[in-house]
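Novice: Dropping a structure here in structure tokens format, bear with me for questions.
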Amino acid sequence: EAQVTQNPRYLITVTGKKLTVTCSQNMNHEYMSWYRQDPGLGLRQIYYSMNVEVTDKGDVPEGYKVSRKEKRNFPLILESPSPNQTSLYFCASSRRGVDNQPQHFGDGTRLSIL
Amino acid sequence: AQSVAQPEDQVNVAEGNPLTVKCTYSVSGNPYLFWYVQYPNRGLQFLLKYITGDNLVKGSYGFEAEFNKSQTSFHLKKPSALVSDSALYFCAVRDMGYALNFGKGTSLLVTP
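Chains as they are written, first to last, in our numbering: chain A, 1 to 114; chain B, 1001 to 1112.
Structure below.
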């Protein structure tokens, strides 16, 4: 089954304790992206990757890091989480190309930073 | 920058009635527009997209959307709403790369 898998689904942690949210896709997609969803703001892009070893900032990258060492994985790293990073996070992937394939989303990770 | 706006935070409709969820866009060049639906505790699911061609786009679960260039709108429609259609709906426009710029979302509530 084609899917984007995020882990963990839920996490409560404390300020300053480094954490990683993993994202894996099994569709051989080149493009991967991280979004955060906040009430009244919709989804905002944090980082994206066009292919292995190629990453770039989205609209709200501050406080986050990513890496793309393998095509299927795109982890989101919060080196020193703060309460304003409490949010619902989504990973997404899609093919690249001219046919505007839709992005496939994971089920989300709800982070609470105390 | 490419952007979309969803003017309604919530839409209420009775089961069996037609529904419309509104979206307007602002783009330079040709718009690539999408509708996604989000059910509780789930990720976004793709409903339909407009790239070029027919202004009426048909998608999943009986939904369709009407692209109107003169009004810069891309409203989501369904002829007969179901209670199970209750969810959060997002309109999105593809940016110059592959990023999606989302609207703030519209909560659809279908009552029996």
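Just so it is clear, CB atoms sit at the ideal spot from N, CA and C, and this is done for glycine as well.
(1) Could you tell me which chain B residues have their CB closer than 9 Å to the CB of Phe74/A, listed as they occur along the chain?
(2) Which complete alpha helix (DSSP H) runs does the stretch 1024-1049 of chain B hold, if anything under 4 residues is left out?
(3) Quick test of your reading: Leu11/A and Leu114/A, contact by CB under 8 Å. State the CB separation rounded to the nearest angstrom.
(4) Bridge partners for Glu1064/B per DSSP, in chain order?
(5) Tell me, to the nearest whole angstrom, how far the beta carbon of Val1110/B is from that of Ala1081/B; I am working on the premise that it is less than 8 Å.
(6) Do the stretch 1032-1049 of chain B and the stretch 1088-1103 of chain B meet, that is, are 3 or more Cβ pairs less than 8 Å apart?
(7) Quick one: grab the DSSP three-state call for Val21/A.
(8) Pull up the distance between the alpha-carbon of Asn51/A and that of Glu1015/B, whole angstroms please.
(9) Distance cutoff 8 Å, beta carbons only. Does Pro81/A sit that close to anything in chain B?
(10) Going by C-alpha to C-alpha distance, which of Thr1072/B, Asn1012/B and Gly1043/B sits closest to Val1083/B?
(11) With the cut-off set at 8 Å, would you say Thr15/A and Pro81/A are in Cβ contact?
(12) Could you work out which residues of chain B lie near Asn100/A, taking near to mean beta carbons separated by less than 7 Å?
Specialist: Walking through what the data contain:
(1) On the first sequence, residue 74/A is found 74 positions in, with the first residue counted as 1. Ordered by position in chain B, no residue passes the 9 Å Cβ test against Phe74/A, which lies about 13 Å from the chain.
(2) none
(3) To locate residue 11/A, count along the first sequence from 1; it is residue 11. To locate residue 114/A, count along the first sequence from 1; it is residue 114. Rounded, the Cβ-Cβ distance is 11 Å, inconsistent with contact.
(4) Residue numbering aside, residue 1064/B sits at position 64 when the second sequence is read from its first letter. DSSP output for Glu1064/B lists Lys1058/B and Lys1077/B as bridge partner(s).
(5) Walking along the second sequence from the start, residue 1110/B turns up at place 110. Walking along the second sequence from the start, residue 1081/B turns up at place 81. Val1110/B to Ala1081/B, Cβ: 5 Å. Contact.
(6) A contact exists between the stretch 1032-1049 of chain B and the stretch 1088-1103 of chain B.
(7) Residue 21/A sits at position 21 when you count from the first residue of the first sequence. Of the three classes helix, strand and coil, the one that applies to Val21/A here is strand, per DSSP.
(8) In the first sequence, counting from the first residue as 1, residue 51/A sits at position 51. In the second sequence, counting from the first residue as 1, residue 1015/B sits at position 15. Asn51/A and Glu1015/B: Cα-Cα distance of roughly 44 Å.
(9) Position 81 of the first sequence, counted from the start, is the residue given in the question as residue 81/A. By this cut-off, Pro81/A is not an interface position.
(10) Locating residue 1083/B in the second sequence gives position 83, counting from the first residue. Nearest option by C-alpha distance: Asn1012/B.
(11) Looking up residue 15/A in the first sequence gives position 15. Looking up residue 81/A in the first sequence gives position 81. Cβ distance < 8 Å, so Thr15/A and Pro81/A count as in contact.
(12) The residue you call residue 100/A lines up with position 100 of the first sequence. Here the neighbours are Tyr1032, Lys1049, Ile1051 and Arg1094.
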